[in-house]
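To start, the structure under review is shown below, and the notes come after it.
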Amino acid sequence: MILDGRSDDAIAAAVRALKAGELVGLPTETVYGLAGDADNDRAVARIFEAKGRPANHPLIVHVADAAGVDHFAADVPEFARRLIDAFWPGPLTLILPRRPGVGAAAAGGQDSIGLRCPSHPVAQALLRAGAAQGVRGLAAPSANPFGRVSPTTAAHVRSGLGESLLVLDGGACDVGIESTIVDCTRGAPVLLRPGGISRAQVEAACGQPLREGAALGAPDPKASGTLLAHYAPAAPVRLMDAKALQTALDLLGADAAHIATWSRAILKTPSSGVIRRRMPEDAAATAQQLFAVLREFDAQGARLIWIETPPETPEWEAVRDRLQRAAAA
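For the sequence shown, this note's numbering begins at 12 and goes up steadily by one.
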């Protein structure tokens, strides 16, 4: 069931569902999430079950504002406070020491927990209304089967998780890929997943360079979206440069039917069956379209998806990350 997320009645219905331990499809600026009360272990278990996600793979908990951090986190380092001040609400998740007895199921049993404050107005409305009625945070991984393409519209959520789920429609997501994740549990910031906030932005805001986890002498905590293979459409994905992509199409000739291509370069396609999309020259615009394009290729019956490898420049890091994981599936 899809409801207009701008409606007060829809927000009230969603809060009632969450308080009853049910799940809600929630729009954020990154992707749509499958939300449940982070303090309700049965609701959290339903999220894992609905997604087919391993129960030891932690969920990000969404809070209404910086004040919500204190309910879940035992300690917030000063550099993490600076990141909160700079980027919340927004597409940045912080891994923080977890307060004992709180959010253990959502954290996958780890002693750390991922927290984010989304900027989407519908997410904000639901989080604030929920907090007023005792729902202190929402565990909300992407609202799709585990390992598959993340949803960026309410229709994507319905197609992946069924008609019965209450979904708040907030329109297409503005960012289009998941949040940047920074581990703040080891005395220095460690980038676990690139996203809408760049490395340079994180380093400028927290006043110190991002470190590599291995250099700090402890393994990285488990975090959302960090598996080698993830974000996969039904059709296999292959990345290649524009020259290799054109050569492969030329070699296949008429047999290139049912191949989908997404490239910045203008390609000559030898078969009318090739499904073509132009990739934007801008990294942010590409990120906003990425998951929708992969879903579109599947819907059009593509058997193979060939994508021009993004540039090796900092602004393209998050897009490269998602495409490399999709290609590894």
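Glycine residues also receive a C-beta, built at the ideal position from the N, C-alpha and C atoms. For clarity, every value in this text was computed on a predicted model and none was experimentally measured.
DSSP places Gly-182 outside both helix and strand once states are collapsed to three, so it counts as coil. The beta-bridge partner set that DSSP reports for Thr-324 is empty. Of Arg-109, Asp-332, Ala-246 and Gln-257, the smallest CA-CA separation from Ala-310 is found for Ala-246. Residue state for Pro-108 is assigned as strand, using DSSP reduced to three classes.
Apart from sequence neighbours up to five positions away, the residues of its chain that approach Ile-208 with a beta-carbon distance below 8 Å are Phe-98, Gly-101, Pro-102, Leu-103, Ser-190 and Thr-191, ordered along the chain.
Only residues of its own chain outside the window of five on either side were considered, and among them Pro-205 have a CB closer than 6 Å to the CB of Asp-332, listed in chain order. Taking the CA atoms as reference points, Leu-221 sits about 19 Å from Val-330. For the 8 Å CB-CB criterion, Ala-142 and Ala-75 form a contact. Distance between Val-35 and Arg-275, taken at the CA atoms: about 37 Å. The Cβ atoms of Tyr-43 and Pro-162 sit closer than 8 Å to each other. If only uninterrupted beta strand (DSSP E) runs of at least 3 residues are considered, those enclosed by the stretch 255–301 are 270–274 and 286–289. In the three-state DSSP reduction, Ser-170 falls in the helix class (H, G or I). Of the candidates Ala-28, Phe-157 and Ala-243, the residue whose Cα lies closest to the Cα of Gly-47 is Ala-28. In the structure shown, Ile-95 adopts helical secondary structure according to DSSP, grouped into three states. In this structure, DSSP gives Ile-58 a helical state, which the three-state scheme calls helix. Using a Cβ-Cβ distance cut-off of 8 Å, the stretch 126–142 and the stretch 169–188 are in contact, since at least three pairs of beta carbons, one from each stretch, lie closer than that value. Burial state of Asn-67 is exposed, judged by a 10 Å Cβ sphere holding fewer than 16 other Cβ atoms. Going by DSSP, Asp-194 is part of the beta strand (DSSP E) stretching over 191–194. The C-beta separation of Arg-93 from Cys-195 comes to about 11 Å, leaving the pair out of contact by the 8 Å criterion.
The beta carbon of Ala-215 is closer than 8 Å to none in its chain, skipping five residues each way along the sequence.
By the neighbour-count criterion, in which a residue is buried when 16 or more other Cβ atoms sit within 10 angstroms of its Cβ, Lys-254 is exposed. The C-beta of Thr-164 has 16 or more other C-beta atoms within 10 Å across all chains shown, which makes the residue buried. Secondary structure note for Glu-319: its beta strand (DSSP E) is the uninterrupted segment 315–319. Around the C-beta of Glu-174, fewer than 16 other C-beta atoms lie within 10 Å, and the residue is accordingly described as exposed.
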